[in-house]
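Asks: My questions all concern the structure below.
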Amino acid sequence: MSTNKLSKETELRLADFFNNSIDPKLMAKTLRKVNYLLALSVMRESQILEDEKISLENGFYWLNELAEILNPYLDSEC
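All the letters of the sequence shown, read from the start, carry residue numbers 39 to 116 under our numbering.
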């Protein structure tokens with residue numbers, strides 16, 4: 039996990055984006071859909087380089103983490 043800090047401007051822009059620009063449930067649903075399509079395409083691709091697989095696995099993990107933050111999929115209220 040990276041320990042780099044975001045600049046104050048970046049934090050404000052991200053907060054504004056997530057608070058005013060998008061619906062968290064829709065964004066979480068979109069992230070999950072993109073992750074599904076990404077995983078499906080990787081599984082079907084037989085000649086992908088090992089470095090790309092690792093990068094895609096990391097991207098898959100972090101997109102799912104973001105989706106869970108926006109709208110927990112296994113929330114008891116769902």
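By construction, the Cβ of each residue, glycine as well, lies at the ideal position given by its N, Cα and C atoms. Predicted model, so just to flag it, every value in this text is computed and none were measured.
(1) By the three-class DSSP mapping on this structure, what secondary structure does ILE60 have?
(2) I'd like the list of long-range same chain contacts for PRO62, defined as Cβ closer than 8 Å, with 5 residues on each side in sequence excluded.
(3) With a cut-off of 8 Å, do at least 3 Cβ pairs link the region 64-84 to the region 92-101?
(4) Can you give me the start and stop residues for the alpha helix (DSSP H) that LYS46 sits inside?
(5) Could you have a look at LYS43 and say whether DSSP puts it in helix, strand or coil?
(6) Taking GLU106 as the reference, give the member of VAL80, LEU94, SER59 and LEU69 with the closest Cα.
(7) Determine whether the beta carbon atoms of VAL80 and LYS91 lie at a separation below 8 Å.
Replies: Quick answer:
(1) coil
(2) PHE56, LEU108 and ASN109
(3) yes
(4) 46-54
(5) In the structure shown, LYS43 falls within a coil segment according to DSSP collapsed to helix, strand and coil.
(6) LEU69
(7) yes
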